[in-house]
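Below is one structure; the comments refer to it alone.
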Amino acid sequence: MSTIPVFVSEQPADQTESGTLGVLRSGGDEPKGVLKHVDTDKLKNSVLALTSQLSGVFADLKTVGEFQLSEVSVSVEVSAEGGLILIGKAGISGGINLKFKP
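Our numbering puts the first residue of the sequence shown at 2, with every later residue one more than the last.
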């Protein structure tokens with residue numbers, strides 16, 4: 002089994018849906034967390050699943066008026082278990098950026 006190190010913040014169980022550790026975010030006080038070793042096969046499967054799902058989401062979004070979509074940028078976090086989480090909680094910046102060109 003191959004693993005990759007991921008530094009995760011210490012977060013009380015009631016602050017996450019699954020009661021697991023969340024990914025360390027920059028800013029604020031000194032980092033408090035632990036180093037977890039995430040299985041690269043789990044991470045790979047998470048990336049493949051997310052990209053497949055996003056492909057379906059953006060499949061029909063190629064043009065808007067006279068503009069063509071040139072780039073899609075998606076912000077994700079890696080969970081301590083190797084899952085990917087789209088950033089969308091209140092107070093956390095990030096998300097999906099769409100760039101169009103004429």
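Beta carbons: idealized from backbone N, C-alpha and C, even for Gly.
Do VAL79 and LEU55 come within 9 Å of each other at the CB atom, strictly closer than that value? no
Return the Cβ separation of VAL77 and ILE88 in integer angstroms, given the expectation that the two are a contact with Cβ distance under 8 Å. 7 Å
Rounded to whole angstroms, what's the CA-CA distance from SER71 to VAL35? Just pull it up for me. 38 Å
Pick helix, strand or coil for ASP61, following the three-state DSSP scheme. coil
What distance in whole Å lies between the Cβ atoms of VAL7 and LYS43, which are believed to be in contact at a cut-off of 8 Å? LYS43 to VAL7, Cβ: 11 Å. No contact.
Flag this pair as yes or no: are the beta carbons of THR4 and VAL39 separated by less than 9 Å? yes
CB contact check: GLY34 to chain C, cutoff 9 Å: The structure shown contains no chain C; it is built from a single protein chain.
Spatial distance of GLU67 from ASP61 (CA atoms): 15 Å
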